[in-house]
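K.L.:
The opening position of the sequence shown corresponds to residue 27 in my numbering, with each subsequent residue numbered one higher. Yeah, the Cβ is synthetic: ideal placement off N, Cα and C, and Gly gets one too.
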Amino acid sequence: MLPEITDFAGPLTLVVAGLVLAILVTSLTGRLPIPAPALFLAGAAIASDVIPSLSADVGIITVERVAVIALIVILFNGGRDIGAHRLRQSLGDVSAIGLLGTFATAGALAVAAKVLLGLDWAVAGVLGAALAPTDPAVMFSVLGRREVGGRSGTVLEGEAGINDPAGIALLLGLVEVATHPGTSMLVVLQEFALAMGIGGALGLIGGKLLIEALGRLRLGDSGLYPVFALASAGLLYGVTSMAGGSGFSAVFVAGLLLGDARLPYAGEIDRFTVSLASLAEVAVFLALGLTIDIGGITGEDWLGGLLVFLVMAVLVRPLVVMLTLARSALSRPEKAFIAWSGLKGAVPILLAAFAVLGHVPDSQRIYDVVFVVVLASVVIQGGLVPTVAARLRIPMQLQPELPWELSVKLAEPPRDRVEITVEAGSSADGRRLEDLPLGNRAWVTLVVRDAHAVPPRPDLTLRAGDVLFLLGVDDEPLLADAFAGAC
Numbered sequence: 027m028l029p030e031i032t033d034f035a036g037p038l039t040l041v042v043a044g045l046v047l048a049i050l051v052t053s054l055t056g057r058l059p060i061p062a063p064a065l066f067l068a069g070a071a072i073a074s075d076v077i078p079s080l081s082a083d084v085g086i087i088t089v090e091r092v093a094v095i096a097l098i099v100i101l102f103n104g105g106r107d108i109g110a111h112r113l114r115q116s117l118g119d120v121s122a123i124g125l126l127g128t129f130a131t132a133g134a135l136a137v138a139a140k141v142l143l144g145l146d147w148a149v150a151g152v153l154g155a156a157l158a159p160t161d162p163a164v165m166f167s168v169l170g171r172r173e174v175g176g177r178s179g180t181v182l183e184g185e186a187g188i189n190d191p192a193g194i195a196l197l198l199g200l201v202e203v204a205t206h207p208g209t210s211m212l213v214v215l216q217e218f219a220l221a222m223g224i225g226g227a228l229g230l231i232g233g234k235l236l237i238e239a240l241g242r243l244r245l246g247d248s249g250l251y252p253v254f255a256l257a258s259a260g261l262l263y264g265v266t267s268m269a270g271g272s273g274f275s276a277v278f279v280a281g282l283l284l285g286d287a288r289l290p291y292a293g294e295i296d297r298f299t300v301s302l303a304s305l306a307e308v309a310v311f312l313a314l315g316l317t318i319d320i321g322g323i324t325g326e327d328w329l330g331g332l333l334v335f336l337v338m339a340v341l342v343r344p345l346v347v348m349l350t351l352a353r354s355a356l357s358r359p360e361k362a363f364i365a366w367s368g369l370k371g372a373v374p375i376l377l378a379a380f381a382v383l384g385h386v387p388d389s390q391r392i393y394d395v396v397f398v399v400v401l402a403s404v405v406i407q408g409g410l411v412p413t414v415a416a417r418l419r420i421p422m423q424l425q426p427e428l429p430w431e432l433s434v435k436l437a438e439p440p441r442d443r444v445e446i447t448v449e450a451g452s453s454a455d456g457r458r459l460e461d462l463p464l465g466n467r468a469w470v471t472l473v474v475r476d477a478h479a480v481p482p483r484p485d486l487t488l489r490a491g492d493v494l495f496l497l498g499v500d501d502e503p504l505l506a507d508a509f510a511g512a513c
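(1) Would you check if there are 3 or more beta carbon pairs closer than 8 Å linking the stretch 199-210 to the stretch 374-391?
(2) Return the chain-ordered ranges of every beta strand (DSSP E) run that is complete within the stretch 354-420 and spans a minimum of 3 residues.
(3) Counting pairs of Cβ atoms below 8 Å between the stretch 150-161 and the stretch 360-374, do you hit three or more?
(4) So, helix, strand or coil for Ala73, using DSSP?
(5) Please report how far the alpha carbon of Glu326 lies from the alpha carbon of Gly109, in whole angstroms.
(6) Opposite His206 in the DSSP bridges: which residues?
(7) What span of residues does the alpha helix (DSSP H) with Val340 cover, start to end?
(8) DSSP state of Val448, grouped into three classes?
(9) Here's a check: name, in chain order, each residue in its chain whose Cβ is nearer than 8 Å to the Cβ of Ile551, leaving out the five neighbours to either side.
(10) Please report the residue range of the beta strand (DSSP E) in which Thr471 lies.
(11) Helix, strand or coil, according to DSSP, for Leu245 in the structure here?
(12) How big is the Cα-Cα spacing for Asp75 and Ile323?
(13) Could you pull out every residue in the same chain whose Cβ sits closer than 7 Å to the Cβ of Leu197, ignoring the five residues on either side in sequence?
(14) Whole angstroms are fine: how far does the CA of Leu289 sit from the CA of Cys513?
(15) With respect to the alpha helix (DSSP H) encompassing Leu497, which residues constitute its N-terminal and C-terminal limits?
(16) Going by C-alpha to C-alpha distance, which of Ile100, Leu243 and Leu262 sits closest to Glu539?
(17) Tell me, to the nearest whole angstrom, how far the beta carbon of Glu589 is from that of Pro421; I am working on the premise that it is less than 8 Å.
(18) Just the C-alpha distance for Ile72 and Gly315, rounded to the nearest angstrom, thanks.
(19) Could you work out which residue in Gly69, Pro78 and Leu117 is closest to Arg353 when comparing CA atoms only?
(20) Does Gly226 pass the burial test, meaning 16 or more other C-beta atoms within 10 Å, or should it be called exposed?
(21) Quick test of the definition: if touching needs 3 or more C-beta pairs under 8 Å, does the stretch 304-318 touch the stretch 134-142?
(22) Would you call the stretch 393-405 in contact with the stretch 212-222, where contact means no fewer than 3 C-beta pairs closer than 8 Å?
(23) Excluding five sequence neighbours on each side, which residues of the same chain lie with their C-beta closer than 8 Å to the C-beta of Arg91?
(24) List, from N- to C-terminal side, the alpha helix (DSSP H) runs of 4 residues or more that fit wholly inside the stretch 90-132.
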C-alpha cells in the first residue's frame, strides 16, 4: 500500500471522527442548557491544546477561507428561508437595526475596547467592528426546533443577513485605517456605501438570472439543481467581490429573491442548502477552536473579553435596539427579546481573522478577545434565549420532528398552490370538507392532522390545526376568510 494513503488516512480519520462527534453532540443540546456552537468551539480549542498537531495544520488563513465559504452557504440559505416578501413586511426595522445598528454597535464597542482593554483608537475600532454583526446560524442552533412567533424572529433573521455584509465591509475599511495612518474615515464610509450598493445591485441581477436559469435549464439529474444553485451563489460572490462590491450582500439578496420564486426541484434545493448551512456552521466553530491556544490567552484578556461582553449585552445592545427601533410598531417585549438575542458567532470569527491577515497592531489580542466574547455570547445569551422568551411571553412554538416527507414530481409547475391552516373559531373549524367555499376549479389534495396524512374525503370534518394543501384556487381571499380565526 502506498505510504501516502496510510499517511493521509490518519488525519482524515481524526477530522471525520471529530465531525461525526460534533454532529452527534447536536442531539444533546435539546437536553442541555449549552447551545451546540459553544460545545464545538470549546471542544475544538481544548482538543488543539491536548493534541498540538491539530492546530499546527490549521492557520488563520484556513479559518478565513473556511468562514468565507461557510458564510456564502449560510447567507444564501438564510435569504431563501426569509424570502423577499416576508422581509418587506419588516424592512424598515431590519434596515434600521441592520445598518444603523451596525455602525452604532461598532462605535460603542470601540469606546468600550479603548477603556477596558487600553487599545489605540484605530485598533479599538477594528475590534468594535468585528463584534458588531449578529449571527443567524447561532440563533437557529439556539432555537433548535422552536419557532419564534410574530415579527421579532423575522427582524432577527433579517438583521443578521444585512449586518453581516455591512460589518464585513466596515471592518475592511477600518483595517485600512489601522494599518495606514492618515486614512480618512470619509473614505471608509464612501467605500462602504460603494461596496453595499454594488453588492445589492449585483445580488438583484444575479438572483433574477439564477431564477430564470433554474426555470429553463434541463439538467441530466435532479441532484444537479441544488448544486447549480449553490455554485451560482459562490460565483456571484466572486464576481461581486472582484467588482469591488460586497459579495456577501449579493449572495443574501439573491437568496431573498429565490425564497419567493416558484422553482422546479425547490424541495431538493431546500434540503441541500439547509444541510450544507448546518455543516458550514459546525466547520466554522471547529476551525476557530483549533486555532485558539486557551493556555496562551492571558488572564487580562479573559477578564477584558468578559467585560466587553457584559457591556455589549447589558448596555450597548439594548441601547442600540431602543434607538434604532424607537419608531417601530414592535411591542416592548419584542424589542427586549431582540435586544437579548443579538448573538455573536461565525462573522466575528471571520472579521478577527481579517484583522490578523491584515497585520493590524495587536491583532492576536483581538482574535483572543473575540473568542472570549463569542464563547460568552453563545453560552450565556444563547443559553438563556428560551428562558427570556418565556419571561417576555414571546410566542415560541416547538416544531415536532417529522422524519418523513411526501414529494410529488410534476412535469409543469402546479397552478395556484395553497397551503392553509384551519384556525380555531374560523368558519372552517367543525365544517365538512364538501361544504367549504372552494370555487369551481379548486381541489384539496391532502389534509395533515397531528403530523399525519388524512384522506380528503368530502365528509371529513375539519378541526383547528388541520393543514390543507390545495391546487387551482379561484378565490384565495374568500378561502382565507373561511379559515381565519374569529377576532
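P.N.:
With the given structure in hand:
(1) yes
(2) none
(3) yes
(4) Helix.
(5) 44 Å
(6) BP columns for His206 are empty, so no partner.
(7) Unbroken run through Val340: none, as it is neither H nor E.
(8) coil
(9) The shown model of the chain, from 27 to 513, leaves out residue 551, and the question about it has no answer.
(10) Boundaries of the beta strand (DSSP E) around Thr471: Trp469 to Arg475.
(11) coil
(12) 12 Å
(13) Closer than 7 Å at the Cβ level, and outside the excluded window around Leu197, lie Val152, Ala155, Ala156, Leu377 and Phe380.
(14) Residue placement at Cys513 is poorly supported in this model, since its pLDDT is 37, which falls under 50; the coordinates are not used for a value here.
(15) First-last for Leu497: Val493 to Leu497, but that is the beta strand (DSSP E), not the alpha helix (DSSP H).
(16) In the structure displayed, the chain extends from 27 to 513; residue 539 sits before or after that span and is not available.
(17) Since the displayed the chain opens at 27 and closes at 513, residue 589 lies outside it and no answer follows.
(18) 8 Å
(19) Measuring from the Cα of Arg353, the nearest candidate turns out to be Leu117.
(20) It is buried - the Cβ of Gly226 has at least 16 other Cβ atoms within 10 Å.
(21) no
(22) no
(23) none
(24) 110-114 and 117-121
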